[in-house]
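Heads up, the sequence shown is in UniProt numbering, so the first residue is 1 and it goes up one at a time.
All residues carry an ideal CB built from backbone N, CA and C; glycine is no exception.
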Amino acid sequence: MSRKMVYLINPISGTAKKDEIKQQIQQITTAKSIPFEIVPTNATGNYDFLKEKIEAECITDLVMVGGDGTVNQIANALQGVNINFGIIPVGSGNGLAYAAGIPKKATDAIELLFTGTAKYVDAFLINNEFSCMLSGIGFDAQVAHDFANQDSRGLLTYTKQSLQNFFKAQPYQFEVSVDGFTFFTEAFFISIANSNQFGNNVTIAPHASLNDGLLDIVIVQKMNKAKLPFAILKQIRGNNKLEALLEDVSSKNILYFQTDRIKINNLKLAPLHIDGEPKTTSPSFNISIIKKCFKLIQPN
């Protein structure tokens, strides 16, 4: 089957120079003799026109040039549409792209579109809102809220916001129900992950897979502030394995386990982010996996 491609470019995400990437797209795709079109992303998130375009023009590949927020909007809008998605990662974190092994360098990411394979990846719902990568409740969500209000984006700005929030962070109270077991915890944050990282290659859920049908839950419980960075560092290095959840709740600083669904009662209305974008919080969250949600072009 011959290919036909649409590149969707978010004009404001991340820090990369979009004009240069446009030129690279045009040069490389033209050299492959594959018909293509470049279209700007839609600020409203309404992509109904794309569904019609894909069907009418027999589009086979839709390439998202942006960050996790862009990927979230488009993949959500086109659920159930038979198309291969690609990512050229130019956002602030790019967690899904890096988890899938998509290169940082734009020219390499473009080349992968022609050498890689489209494989199914999971996504999940958090109170019927779509997440394709990682959502969080608490400290990391507050960072996302503050980060969204900054004039400049990028790793340096994100790190600065993280440090500022760290020194004033207070634990929140949660009631967590999973696999018939319910427990209370005071925690700085809870991460719900489909990919293995926050972005910028910072791994938070080392065993996470994009297509294993499971969510990876990371709960950073209340602890001495001096211990918090070391506990998170240990988690990032992947040394904190789940033993018996019942024992872990009372004895471990960080809980890490996998499940296909979870309910979290948010007793102190901790803030929420979905794929790095700040969202309105809720007193409770019902979270469940969407298996094999969409096809993403990845390394073979």
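Element boundaries [beta strand (DSSP E), containing residue i]
i: residue 61; result: 61 to 66
i: residue 256; result: 254 to 259
i: residue 219; result: 215 to 221
i: residue 34; result: Taken as a continuous stretch (DSSP letters only), residue 34 belongs to no beta strand (DSSP E), as it is neither H nor E.
i: residue 289; result: 284 to 298
i: residue 190; result: 181 to 193
Cβ neighbours of residue i in the same chain (closer than 6 Å, five flanking residues each side left out)
i: residue 243; result: Since pLDDT at residue 243 reaches only 43, below the 50 mark, its modelled position is unreliable, and the value read off the structure follows with that caveat. For residue 243, where only same-chain residues beyond five positions count, there are no Cβ hits under 6 Å.
i: residue 45; result: 73
i: residue 292; result: 120
i: residue 184; result: 175
i: residue 35; result: 4
i: residue 252; result: none
i: residue 118; result: 84, 295 and 297
Exposure label - residue i; buried when at least 16 CB within 10 Å
i: residue 283; result: exposed
i: residue 58; result: exposed
i: residue 299; result: exposed
i: residue 76; result: buried
i: residue 55; result: exposed
i: residue 63; result: buried
i: residue 189; result: buried
i: residue 128; result: exposed
i: residue 31; result: exposed
i: residue 96; result: buried
i: residue 101; result: exposed
i: residue 285; result: buried
i: residue 65; result: buried
Where the alpha helix (DSSP H) containing residue i begins and where it ends
i: residue 96; result: 95 to 99
i: residue 268; result: Residue 268 -> no alpha helix (DSSP H), and no H or E assigned at all.
i: residue 123; result: Where residue 123 is concerned, there is no enclosing alpha helix (DSSP H), although the beta strand (DSSP E) it sits in stretches over 117 to 126.
i: residue 279; result: Note, residue 279: premise wrong, no alpha helix (DSSP H); beta strand (DSSP E) at 277 to 279.
i: residue 54; result: 48 to 57
Anticipated Cβ contact below 8 Å, residue i with residue j, distance rounded
i: residue 133; j: residue 82; result: Between residue 82 and residue 133 the Cβ distance is about 22 Å, and since that is not below 8 Å, they are no contact.
i: residue 137; j: residue 272; result: 5 Å
i: residue 275; j: residue 131; result: 5 Å
Minimum C-alpha distance to residue i - residue among the options
i: residue 48; options: 64, 78, 66 and 34; result: 78
i: residue 219; options: 295, 139, 267 and 180; result: 139
i: residue 296; options: 104, 112 and 43; result: 112
i: residue 41; options: 69, 60 and 109; result: 69
i: residue 280; options: 115, 118, 92 and 141; result: 141
i: residue 2; options: 18, 26 and 114; result: 114
i: residue 169; options: 192, 51, 221 and 125; result: 221
i: residue 67; options: 88, 26 and 106; result: 88
i: residue 94; options: 123, 8, 27 and 71; result: 71
Sequence-distant residues of the same chain with beta carbon closer than 8 Å to residue i, five excluded per side
i: residue 179; result: 259
i: residue 145; result: Its pLDDT being 48, under 50, residue 145 is placed unreliably by the model, and nothing is read from it.
Close Cβ partners of residue i (< 7 Å) along its chain, the five nearest in sequence each way excluded
i: residue 103; result: 109 and 112
i: residue 214; result: 258, 259, 260 and 289
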